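In terms of the working numbering, the sequence shown opens at residue 68 and continues consecutively.
For glycine and all other residues, C-beta sits at the position ideal for the given N, C-alpha and C.
This one's a predicted model, so the numbers in the text were calculated from it and none came from an experiment.
Have a look at the structure below, then the notes.
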Amino acid sequence: MPKLVYQNFYRALRRDIETNYKPDDRYLKVREIAGKFNVSLQIAQKAVSQLEQEGVISAKQRAGIIIRNTLSAPSGLDGKKIIVLSYKQDYHFYASFLDGIKQNCGRYNVEVEFKMNTFKETDSLNFGKYLLSLNADGIITLSFVNSALPFYYALREGQDIVADIILDSLPVLPAVQTDNYKHSYEAAAILSRQNCRRYFVLGYYPQNNRRYKGFYDGIQKTWKGAFRPEVTYIQLSKMNVVGEVLRVIHNYSDTAGFFISDYSANYFFGLLCIQEHIQPRTVLVYDADDSYFLLPGLEPVRSIGPSFKELGRQLSDVLIRKWKTGTYPEPLQRKI
Numbered sequence: 068m069p070k071l072v073y074q075n076f077y078r079a080l081r082r083d084i085e086t087n088y089k090p091d092d093r094y095l096k097v098r099e100i101a102g103k104f105n106v107s108l109q110i111a112q113k114a115v116s117q118l119e120q121e122g123v124i125s126a127k128q129r130a131g132i133i134i135r136n137t138l139s140a141p142s143g144l145d146g147k148k149i150i151v152l153s154y155k156q157d158y159h160f161y162a163s164f165l166d167g168i169k170q171n172c173g174r175y176n177v178e179v180e181f182k183m184n185t186f187k188e189t190d191s192l193n194f195g196k197y198l199l200s201l202n203a204d205g206i207i208t209l210s211f212v213n214s215a216l217p218f219y220y221a222l223r224e225g226q227d228i229v230a231d232i233i234l235d236s237l238p239v240l241p242a243v244q245t246d247n248y249k250h251s252y253e254a255a256a257i258l259s260r261q262n263c264r265r266y267f268v269l270g271y272y273p274q275n276n277r278r279y280k281g282f283y284d285g286i287q288k289t290w291k292g293a294f295r296p297e298v299t300y301i302q303l304s305k306m307n308v309v310g311e312v313l314r315v316i317h318n319y320s321d322t323a324g325f326f327i328s329d330y331s332a333n334y335f336f337g338l339l340c341i342q343e344h345i346q347p348r349t350v351l352v353y354d355a356d357d358s359y360f361l362l363p364g365l366e367p368v369r370s371i372g373p374s375f376k377e378l379g380r381q382l383s384d385v386l387i388r389k390w391k392t393g394t395y396p397e398p399l400q401r402k403i
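Next comes the structure, spelled out in structure tokens:
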């Protein structure tokens, strides 16, 4: 049996033990294991021997297989596998996440595999079954917002998952998310110190998002006097918005503060500035990470939110700590 196939079987066997059994329980016989997981007797015996060496079970000829310690499987992190599953099909989005995940996991010899989501009904129970079929020790999901039911199903079946978005309807899902309101509020304070007379916020989401709200509240708090600078939101996903952005760049580059509230907007704004040969005086971006988002001709640009690379590192660290200690780190859902 190829090594990869054996590892998939071993992960499924170990997950079954960790999820459905407790110490001193009697487990299946070797022949029953082979039948349940559709492997040969030789492969089933190999996995049983590995689990015994790791202290998970004891296998005696007459007593059978007894569960000893479900938290010790395996004793180290070698051979563990994380699948990074992205809903958003944009290299500029997921590449930086991957860098952080791989750098962190490389210290522990944990394998990392990237998959672009192709499953259409990500809010269905079948998506939860698909997650289990990936045969990963841990799954990091990126940009899934309507998947509470399948995530809950996979968690209940013993699949370790951590998400980059906190789902309020699923408080048992481990998640690490950037604090959009907090960092945007801080961005307003930074730009206010530049004494700009008006501000423009550019983003692809509708105006009632947490980043715009945080920035707007921060401006109102900072400017307490009679003068309140105007804050204008430009939603880049609307039709025929390029002309409006070009007008703003040409008319206000030297007098206004620009807050670029998401990475896609930064890329769009940067290309326009390069095209028009204009360097705005004051630009602050929410998401920026090395060469993935910063364009020549726009430096210096300061990023206010944690980088995707840092978020990837922290997401993978949740799984690594779970495997080391047997429990997820607290708090279960964090904003950074």
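- The alpha carbon of lysine 148 has as its nearest neighbour, out of Gly173, Phe336, Asn213, Arg278, the alpha carbon of Gly173.
- Under the rule that a run must span 4 or more residues, the alpha helix (DSSP H) segments found entirely inside the stretch 325-351 read 330-343.
- Along the length of the stretch 86-123, whole alpha helix (DSSP H) runs at least 4 residues long occupy 97-104, 108-120, reported in chain order.
- In terms of Cβ geometry, aspartate 321 and arginine 348 form a close pair [threshold 8 Å].
- Between the alpha carbons of proline 296 and arginine 264 lies a gap of roughly 5 Å.
- When C-alpha distances from arginine 135 are compared across Leu144, Gln128, Asp145, Ile124, the shortest belongs to Ile124.
- Segment contact: the stretch 228-242 against the stretch 258-272, fewer than three CB-CB distances shorter than 8 Å; contact not assigned.
- The beta-carbon distance between lysine 96 and isoleucine 133, rounded to whole angstroms, is 12 Å. This is too long to meet the 8 Å contact definition.
- Looking at the backbone, the Cα of phenylalanine 104 and that of phenylalanine 76 are separated by about 7 Å.
- Counted as a single uninterrupted DSSP element, the beta strand (DSSP E) harbouring tyrosine 300 occupies residues 297-302.
- In the three-state reduction of the DSSP assignment, leucine 201 falls in the coil class, being assigned neither a helical nor a strand state.
- Assignment of beta strand (DSSP E) within the stretch 241-298, counting only whole runs of 3 or more residues, yields 242-244, 265-270 in chain order.
- In the three-state reduction of the DSSP assignment, valine 309 falls in the helix class.
- Three or more Cβ pairs closer than 8 Å define a contact, and the stretch 186-196 falls short of that threshold against the stretch 157-170.
- Lysine 127 has Gly131 as its beta-bridge partners, per DSSP.
- The beta carbons of asparagine 171 and aspartate 329 sit no closer together than 8 Å.
- In this structure the stretch 306-313 does not lie against the stretch 242-255, because fewer than three pairs of beta carbons, one per stretch, are closer than 8 Å.
- Beta-bridge partners assigned by DSSP to phenylalanine 160: none are found.
- Rounded to the nearest whole angstrom, the CA to CA distance from tryptophan 390 to aspartate 227 is 9 Å.
- For threonine 137, the secondary structure class from DSSP, reduced to helix, strand or coil, is helix.
- With fewer than 16 other CB atoms across the displayed protein chains lying within 10 angstroms of its CB, glutamine 274 is exposed.
- For serine 236, there is no enclosing alpha helix (DSSP H), since its DSSP letter is neither H nor E.
- Taking the Cβ atoms as the reference, proline 238 lies roughly 7 Å from glutamine 400, within the contact range of under 8 Å.
- Here phenylalanine 267 is buried. Its C-beta has 16 or more other C-beta atoms within 10 Å.
- Relative to phenylalanine 211, the option among Tyr271, Leu201, Leu240, Leu199 whose CA is nearest is Leu240.
- In the three-state reduction of the DSSP assignment, aspartate 354 falls in the coil class, being assigned neither a helical nor a strand state.
- Serine 107 and glutamate 121 have their C-alpha atoms spaced approximately 22 Å apart.
- A direct Cα-to-Cα measurement between glycine 102 and lysine 402 gives close to 44 Å.
- Checking the DSSP bridge columns, you'll see lysine 148 partnered with Glu178.
- Shown here for glutamine 381: same chain residues with a beta carbon closer than 7 Å to its own, the five before and five after excluded, namely Val243, Ile403 in chain order.
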